[in-house]
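According to this note's numbering, the sequence shown is numbered sequentially starting from 2. Here a beta-carbon is modelled for each residue, glycine too, at the ideal position from N, C-alpha and C. Input: a single structure, listed below in structure tokens.
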Amino acid sequence: MSTIPVVNEPVEEDLASRLEAMTDDELFVIMSALEKASDTAEEDTLEEILPRIALTESEIERRYPGDLLAPYRDWKQRQLLL
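The following block contains the structure:
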């Protein structure tokens, strides 16, 4: 999978707190890593990744109310241009 810890660590209550403490860039890097991990995951592993994606999406939406995942998609597009 990934070397980014949140991809492999158990989903616990403190995961939401850790995501909340991250900068936007850190949060977006996590989301990108989770997306990549989900693209290549087996079904049993996917069941572990999806809750992490949901928590990360929730944190992005909390920071950008009404924008859904537009800030993340914009960030992702900028990364492609670098």
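- Rounded to whole angstroms, L69 and S18 show a C-alpha spacing of 20 Å.
- D68: not part of any alpha helix (DSSP H); DSSP gives it neither H nor E.
- If you draw a straight line from the Cα of E49 to the Cα of L82, it is about 31 Å long.
- For A22, the closest of R79, R63, D40, D45 by C-alpha to C-alpha distance is R63.
- Around L47, the same chain offers S39 as residues with beta carbons nearer than 8 Å, after the five sequence neighbours per side are excluded.
- Exclusion of the five residues before and after S33 leaves K77 as the residues of its chain whose Cβ lies within less than 7 Å of its Cβ.
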